[in-house]
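Read the structure below first, then the notes.
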Amino acid sequence: MSLMISVSGIRGVVGESLTPKNLTAFSMAFARWISADRVRRGKTEGKARIVIGRDTRPTGPAILGLVENALALSGCDVLDIGVATTPTVELAVTEEGADGGLIITASHNPVKWNALKMLNSRGEFLDAAEVEELLRIAAEDAPESAGWDAIGTISESRRHDGLHIEKILRLPFINPEAIKKEGFRVLVDCVEGAGASIVPELCRQLGVKEIIPVACGGTGIFPRNPEPIEENLQSSIAALKESGADFALVVDPDVDRLALINEDGTLFGEEYTLVACADFHLRHSPGPVANNLSSSRALRDIAERYGVACYSGKVGEANVTEVMKAKGAVIGGEGNGGVILPELHYGRDALVAIAIFLQAFALWRQSHPRGPLSAFRKEFPDYEMSKQKVELGKNGREKLPELFDAVRNKFPDAAVDMQDGLKLDFPKSWVHLRPSNTEPIVRIYSEAPTKEEAEALATSVQSTLESLNG
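Numbering of the sequence shown is given in the numbering used here, commencing with residue 384 and proceeding in unit increments.
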């Protein structure tokens, strides 16, 4: 498998596509990009400073050593903050006044994968233009090493978990005493990832009465597929039922996604993490909200309750962040359990999502004493999703305009959005066709009031594509 390159960085299988050669090349290219960016920002004195953190994968320490030395040899000072969640590294960049950041994590990919995720001086993933410039530098294949007297330093800090928690607790709407009164017993599943210490500690400081840790050893050997979706959470559901906990909090290895499991073993729904958090936040901070085009319509319904706008952008954190900034959104994210709170920082953050969710559930229980999470879930609009795909035939990508036109013609009354593939909106449903950047397929996402309606809509679109995709 070839190296995968996107707006969030480079990733691949360690020892196959992710090799010492390309890790070094991209690290040194990033150092050059950082230096150029510093000049654009009027910083010409001193060395560039880069914050680096990693998740718990066994390959992390070796990659860390390689990457931080490549950065130092390129003339950058490096601050290693150790095992840290993706949002913690993002916050550390701005807290330290650094020029950028690197996160060594392949997020929810299997353990044999790893990646370099690159952050700019705002602690955000590089945007499309910044990635294009970085790739141009990398393609020049001309790494520049600093002179012997200009090599950067490597230092360590372990204070940023505490700072992250402190910033969350200082948010004006967070009230640990209200959470403490509910006496929550919570199962916390960190899938042996970067959240193993910080997630339980955050829950303690938020006032959770009892924490039942599952896969919180930080070994980096994931006990299951680490993506927090229903098919991968059966062991977590079983542990919840056995423990008798009130609910479960499940994060992915780098802690930018949060899944919730109800007391009865049903899922709260990955699309509804953002919905529940937005509903609570809009109560005291009304304003626009934002998500991506493949996220649930439930967020739009919640926005309408509060008389605010809901905007949708292309799939991808950097794209959603761009929309949020342009529209002044007060909260947003993606329907995979990723919540972005600009008041804290522009990045998906499962830690702040946990805090908002606990506060929201505690508030609801004030008028529904000892009410279960499954009942709280019913407070929100209910939709069902279907996710399918169609493999593109020979020259399939060249035929995409023709394929999309055929689908549009089949549904002439639909509202059309072509920011990111093709999305068709209907009064009570929608379907989104999105070509994969890494595979010769078109993904089909659909949503409707029932699973049957969502699947019927997706199947209708799928049959149209397949009839023309020879």
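Just so it is clear, CB atoms sit at the ideal spot from N, CA and C, and this is done for glycine as well.
Legend entry - With 16 other Cβ atoms within 10 Å as the buried cut-off, status of His815: buried
Inset, instruction - Please report how far the alpha carbon of Ser580 lies from the alpha carbon of Gly443, in whole angstroms. - result: 17 Å
Legend entry - Three-pair Cβ contact test at 8 Å for the region 607-614 versus the region 464-478: no
Inset, instruction - May I ask you to report which of helix, strand or coil DSSP gives Val397? - result: strand
Inset, instruction - Verify whether the separation of the beta carbon atoms of Asp544 and Ile486 is less than 9 Å. - result: no
Legend entry - Residues sharing a beta bridge with Arg824, DSSP: First, the residue type needs correcting, since residue 824 is Ile and not Arg in the sequence shown. Ile824 is bridged to Glu774.
Legend entry - Alpha carbon of Tyr363 to alpha carbon of Gly425, nearest angstrom: Nothing about residue 363 can be reported from this structure: the residues present for the chain run from 384 to 853 only.
Legend entry - Rounded separation between Glu646 and Cys599 - CA only: 20 Å
Inset, instruction - Specify the secondary structure class of Cys693 as computed by DSSP and reduced to three states. - result: strand
Inset, instruction - Using beta-carbon positions only, say whether Asn852 and Leu746 come within less than 9 Å of one another. - result: no
Inset, instruction - Answer with buried or exposed for Lys834, where buried requires no fewer than 16 other C-beta atoms within 10 angstroms of its C-beta. - result: exposed
Legend entry - Proximity to Gly395 [Cα-Cα], best of Val494, Ser410, Ser418: Val494
Legend entry - Which of helix, strand or coil DSSP assigns to Trp531: coil
Legend entry - Strand pairing of Asp788, partner residues [DSSP]: Looking at the DSSP assignment, Asp788 forms no beta bridge with any residue, so it has no partner.
Inset, instruction - Give me the Cα-Cα distance between Asp662 and Val691, rounded to the nearest whole angstrom. - result: 11 Å
Legend entry - Whole runs of the beta strand (DSSP E) within the region 488-544, excluding any shorter than 3 residues: 496-502, 537-539
Inset, instruction - Grab the span of the alpha helix (DSSP H) containing Met707 for me, first residue to last. - result: 700-710
Inset, instruction - Decide if Asp482 is buried, meaning its Cβ has at least 16 other Cβ atoms within 10 Å, or exposed. - result: buried
Legend entry - C-beta atoms of Val332 and Ile520 nearer than 9 Å: Residue 332 lies beyond the range of the chain shown here (384 to 853); nothing can be said about it.
Legend entry - Proximity below 9 Å, CB of Ile446 to CB of Asn405: no
Inset, instruction - Counting only the same chain and skipping the five closest in sequence on each side, list residues whose C-beta sits under 6 Å from that of Ser677. - result: Val698, His815, Tyr828
Legend entry - Val434 versus Glu451: straight-line alpha-carbon distance, rounded: 10 Å
Inset, instruction - Identify, in the order they occur along the chain, each residue of the same chain with its Cβ nearer than 6 Å to the Cβ of Thr536, setting aside the five sequence neighbours on each side. - result: Asp460
Legend entry - Which of helix, strand or coil DSSP assigns to Ala831: strand
Legend entry - Boundaries of the beta strand (DSSP E) in which His667 is found, first to last residue: It is not in any beta strand (DSSP E) - His667 instead sits in the alpha helix (DSSP H) that spans 653-667.
Legend entry - Where Glu762 falls: helix, strand or coil (DSSP): coil
Inset, instruction - Could you have a look at His751 and say whether DSSP puts it in helix, strand or coil? - result: coil
Legend entry - Helix, strand or coil at Phe744 according to DSSP, with G and I counted as helix: helix
Legend entry - Selection from Gln588, Ala412, Leu518 that minimises the alpha carbon distance to Glu339: Outside the shown range of the chain, which is 384 to 853, sits residue 339, and nothing can be said about it.
Inset, instruction - At 3 residues or longer, and completely inside the region 390-476: list those beta strand (DSSP E) runs for me, N to C. - result: 392-396, 432-437, 460-466
Legend entry - Lys592 versus Ile562, Gly601, Gln617, residue with shortest Cα-Cα distance: Ile562
Inset, instruction - Just tell me which of Asn503, Phe759, Ala533 has its CA closest to the CA of Arg748. - result: Phe759
Inset, instruction - Please name the residue or residues paired with Pro818 in a DSSP beta bridge. - result: Val825
Legend entry - Cβ contact check for the region 568-578 and the region 753-772: 3 or more pairs under 8 Å: no
Legend entry - Spatially closest choice to Ser750 from Gly398, Glu565, Glu479, by CA coordinates: Glu565
Legend entry - Same chain, Cβ closer than 6 Å to Lys772, five either side skipped, listed in chain order: Ile824, Arg826
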